[in-house]
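Enquirer: Residue 53 in the working numbering sits at position 67 of the sequence shown, and the numbers go up by one each step.
In this text, a Cβ means the ideal position worked out from N, Cα and C, and glycines have one as well.
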Amino acid sequence: MEEEKLNIISLPVEDDKEIIPEMEVIEAEQGGREFEVETKNLSVSFNGRPAISDINLSVRKQTATAIIGPSGCGKSTFLRALNFMHDMIPKSKVTGEIIINKHSISEYDTVDLRKKVGMVFQKPNPFPKMSIFENVVSGLKMNGNKDKKNLNEVAENCLKHAGLWEEVKDRLKEPAVSLSGGQQQRLCIARTIAVSPEIILMDEPTSALDPISTQKIEELIFNLKKEFTILVVTHNMQQAARVSDHTAFFYMGKLVEYSRTRRMFTNPKEKLTEEYITGKFG
Ligand SMILES: Nc1ncnc2c1ncn2[C@@H]1O[C@H](COP(=O)(O)OP(=O)(O)OP(=O)(O)O)[C@@H](O)[C@H]1O
Ligand SMILES: [Mg+2]
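(1) Only counting the same chain, and skipping five residues up and downstream in sequence, which positions put a Cβ closer than 8 Å to that of L195?
(2) For ligand 2, any of its heavy atoms closer than 7 Å to the Cβ of K61?
(3) So, helix, strand or coil for D40, using DSSP?
(4) Within 10 angstroms of its Cβ, does M105 collect 16 or more other Cβ (buried), or is it exposed?
(5) Measure how close the beta-carbons of F251 and V242 come, nearest whole angstrom, since I'm counting them as under 8 Å.
(6) Mark G90 as exposed unless 16 or more other C-beta atoms lie within 10 angstroms of its C-beta, in which case mark it buried.
(7) Out of K212, N222, D95, state which residue places its alpha-carbon closest to the alpha-carbon of E184.
(8) Applying the 10 Å Cβ sphere with the 16-neighbour rule, what's the burial state of T96?
(9) What is the DSSP secondary structure of L269, counted as helix, strand or coil?
(10) Would you mind sorting I263 into buried or exposed? The rule is 16 or more other CB atoms within 10 Å of its CB.
(11) Give the secondary structure of V181 by DSSP, where H, G and I count as helix, E and B as strand, and everything else as coil.
(12) Quick check: the segment 217 to 229 against the segment 177 to 192, are there 3 or more CB pairs under 8 Å?
(13) For E20, which residues in the same chain have their Cβ closer than 6 Å to its Cβ, ignoring the five residues on either side in sequence?
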C-alpha cells in the first residue's frame, strides 16, 4: 500500500493522457464501474443566499473522492446534501438532482437513505452513554437485530475493519468516551460500516486528531474504498493526494475542477486550482 500511496504523488503525468479529456481518462481507467453518486445542477441556499450552485459531479463505486477548497466554499453543504441533512435546516432550499445508486434521492425515505449513506464528522461523536460495543452495534439494534451471536460477530468484524479491535477487544464494555480522540474516530467509522452502507461521507475526519491517529484513518480510508464509495472533505492537500482517486476543488460555491487526484496535484487544469493547491490563498 505504501508503494501505491507514493505513486499517487510522484508519478509523472503521462503525455498521451493529457490530450484526452479528463472524464474520458476516468472512464477508461474505471470503465464499467457504475456511478454510485451523481449530482446534476445541485444547488443549496440558506435564507436565499446560495451556498453551492450547479454542482455536477459523478462518483464511481468503490473510489475515494477528496473535496478540497477554502473555508466557506460549500464542501460540508455539498456532503450534507447527499445525506438529506438540509431537511432539518429551516430556510434551506435544495434544487437540482441527486442520484444515489441510479435512483433519485427523492425515491428513498430518510431512514433507508441513511442506511446507504453513512457519515463521519470532524469531531468524533460516539454515543456518550454507550459502551464501545453498544456504539458499534447501535444501528443494527435500532434496525431490530437482537441476535447476540450475530451482533458479537459484526462488532468484532467492524472493529477489525476500523483497525481498532486489538486496542479495545479487552474493554468492549467500557464507555466509548474513555477512548482517545483517534480511537473514538475509528469507533465512529466502525459504527458507520456496521450497518453496511454503500457510501461513506467524511467531513474533515482527521482535523481534530494527532498525526499518528491521522495516519491510521488515512490508511483506513485507503482500504475502505475497496468496499465502499468514499467522499472525504479535507483541508490537507497531502491527505487528499494520499487517499483519493479523484479530487473536486470547490471555490465560492462552485465546482472549479474535478480531476484525477494525480493530475490535480501535478498539472491542474485551472489556474485557480493551482493557486489554491500551492497555498497562494485559502
Ligand atoms: N445552516 C446554515 N445556515 C446558514 N448558512 C449556512 C448554513 N450552513 C452553511 N451555511 C453557509 O453556506 C456557506 C458554505 O458553508 P460550508 O459549511 O458548506 O463551507 P465549508 O466549505 O464546509 O467550510 P469549512 O472549510 O470552514 O468547513 C457558508 O457561507 C456558510 O456560512
Ligand atoms: Mg465544512
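Expert: Put simply:
(1) G167, G168, Q171, I203
(2) yes
(3) strand
(4) buried
(5) The beta-carbon separation of F251 and V242, rounded to 15 Å, does not stay under the 8 Å limit for a contact.
(6) Sequence check: residue 90 is Ser here, not Gly. S90 is exposed by the Cβ-count criterion.
(7) K212
(8) By the Cβ-count criterion, T96 is exposed, with fewer than 16 other Cβ atoms from all chains shown falling within 10 Å of its own Cβ.
(9) One cannot answer for residue 269 here, as it falls past the ends of the chain, which runs -13 to 268.
(10) buried
(11) coil
(12) yes
(13) Closer than 6 Å at Cβ, skipping near neighbours: K47.
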